[in-house]
Amino acid sequence: MLPSRLLRRAALLNLHLVPSIVRAQSTMTSPLYTLDKSHLNPELYKSLRDLWFPSMENATSASKEAIQRWFGMGLSEAQKKDFDSQCHGLAISALNSISPSAISLPPFTDYESDIARSSELAGPLLAEVRDAQAQDPKSGTETLLSLILLLDQMPRNIHRTPSQLPLVYDHYDRLALSLLYSSMSLPQNPVDNDFFKRRPVYTQWLLMPLIHAEHIPSHDLWRKYTEETEVLVKEAGDQEALDFIEQGRKSQKQHVEILRRFGRYPHRNEGLGRESTKEEVEWLKTGETFGVAKSGQEVKAKDEL
């Protein structure tokens with residue numbers, strides 16, 4: 026049996042191969058869809074960052090006010106609805122332009138298949154990142170971050186009811202994860218941009234699709250990138266940024282422990298029309314649902330960050 030140190034090194038080597046696998050298995054095909062540039066454009070991308078990170082251009086960690094806004098903690102219902110309304114006003118037209126009624130994705134089979142064809146699934150979105158990166162590497166990562174916010178976070182602030190959750194899980198999450206994986210396959214990986222990699226307040230949101238995936242290897246990849254950021258933050262002696270990383274790690278650990286136990290997130294079962302096992306039914310009585318209302322309850326918080 027290999028020593029644990031060697032096993033860990035082998036695992037990390039496999040993680041580094043993920044973008045290469047995407048490149049190797051992607052083929053040059055016609056785009057599955059096109060983007061309406063009247064809705065998806067640099068002006069929107071900047072507005073999304075400004076909404077999510079107000080006055081935080083060079084921040085490494087989040088203020089109390091930002092955390093309250095993101096997670097709804099300590100806010101009144103009126104304040105939560107106000108932020109949701111801001112998200113809706115800014116993002117709904119762009120989201121509708123790439124909704125299932127506007128673009129058709131091939132049926133989902135499994136995560137490995139989607140990752141292998143991520144450059145195809147996210148093709149036009151990936152082109153936005155690639156084109157911005159050609160102008161300036163930092164701009165490429167900014168564009169990727171904006172699109173991840175659009176695909177991964179805005180739907181969770183806009184589509185809260187059980188009937189809307191399949192739109193979040195089956196469509197926008199799929200686009201977000203495909204965009205992230207395909208971006209990591211670019212010759213210059215935007216996730217590795219030094220400005221952002223030293224600022225966990227950005228990277229934690231950039232990597233969020235990996236946590237939302239019901240896919241253990243994606244969680245492993247989240248851990249790899251987070252550990253790399255942690256090394257840089259420790260070198261800088263930034264304790265507040267380290268504390269922010271630790272908050273994200275605790276949440277990721279909660280998610281992955283559920284995945285290891287059930288192979289999926291049971292709190293999504295009702296929204297996705299999946300039948301819960303007896304063990305899941307018992308667990309859901311007291312287990313963490315990350316803001317998703319249990320059957321018969323009102324939705325009051327955003328799903329899973």
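Numbering (the working numbering), first residue to last: 26 to 330. Glycine included, every Cβ here is placed at the ideal spot set by N, Cα and C.
Residue i versus residue j - alpha carbon distance
i: residue 180; j: residue 193; result: 6 Å
i: residue 146; j: residue 221; result: 25 Å
i: residue 214; j: residue 285; result: 29 Å
i: residue 348; j: residue 73; result: An answer regarding residue 348 cannot be provided, because it is not within the stretch 26 to 330 covered by the chain.
i: residue 60; j: residue 159; result: 19 Å
i: residue 321; j: residue 105; result: The predicted position of residue 321 is uncertain, since its pLDDT is 49 and thus under 50; no value can be drawn from it.
i: residue 309; j: residue 245; result: 25 Å
i: residue 303; j: residue 185; result: 26 Å
i: residue 273; j: residue 108; result: 22 Å
i: residue 94; j: residue 299; result: 31 Å
i: residue 216; j: residue 164; result: 12 Å
i: residue 77; j: residue 311; result: 31 Å
i: residue 87; j: residue 260; result: 19 Å
i: residue 270; j: residue 99; result: 21 Å
Assumed close pair residue i, residue j - CB separation to whole angstroms, cut-off 8 Å
i: residue 211; j: residue 293; result: No, residue 211 and residue 293 are not in contact; Cβ-Cβ is about 30 Å, not under 8 Å.
i: residue 196; j: residue 79; result: Between residue 79 and residue 196 the Cβ distance is about 28 Å, and since that is not below 8 Å, they are no contact.
i: residue 187; j: residue 102; result: About 19 Å; that fails the 8 Å criterion.
i: residue 118; j: residue 206; result: Not a contact, Cβ separation roughly 26 Å.
Residue i - DSSP class collapsed to helix/strand/coil
i: residue 78; result: coil
i: residue 222; result: helix
i: residue 213; result: coil
i: residue 98; result: coil
i: residue 294; result: helix
i: residue 287; result: helix
i: residue 134; result: coil
i: residue 90; result: helix
i: residue 240; result: coil
i: residue 300; result: coil
i: residue 161; result: coil
i: residue 62; result: coil
i: residue 337; result: Beyond the ends of the chain as shown, which are 26 and 330, falls residue 337; an answer cannot be given.
i: residue 273; result: helix
i: residue 122; result: helix
i: residue 208; result: helix
i: residue 188; result: helix
9 Å Cβ cutoff met for residue i and residue j
i: residue 254; j: residue 234; result: no
i: residue 252; j: residue 289; result: no
i: residue 237; j: residue 183; result: no
i: residue 202; j: residue 138; result: no
i: residue 169; j: residue 231; result: yes
i: residue 57; j: residue 122; result: no
i: residue 307; j: residue 287; result: no
i: residue 152; j: residue 167; result: no
i: residue 223; j: residue 257; result: yes
*Should the segment 269 to 283 be called in touch with the segment 167 to 184, which here means at least 3 C-beta pairs below 8 Å?*
no
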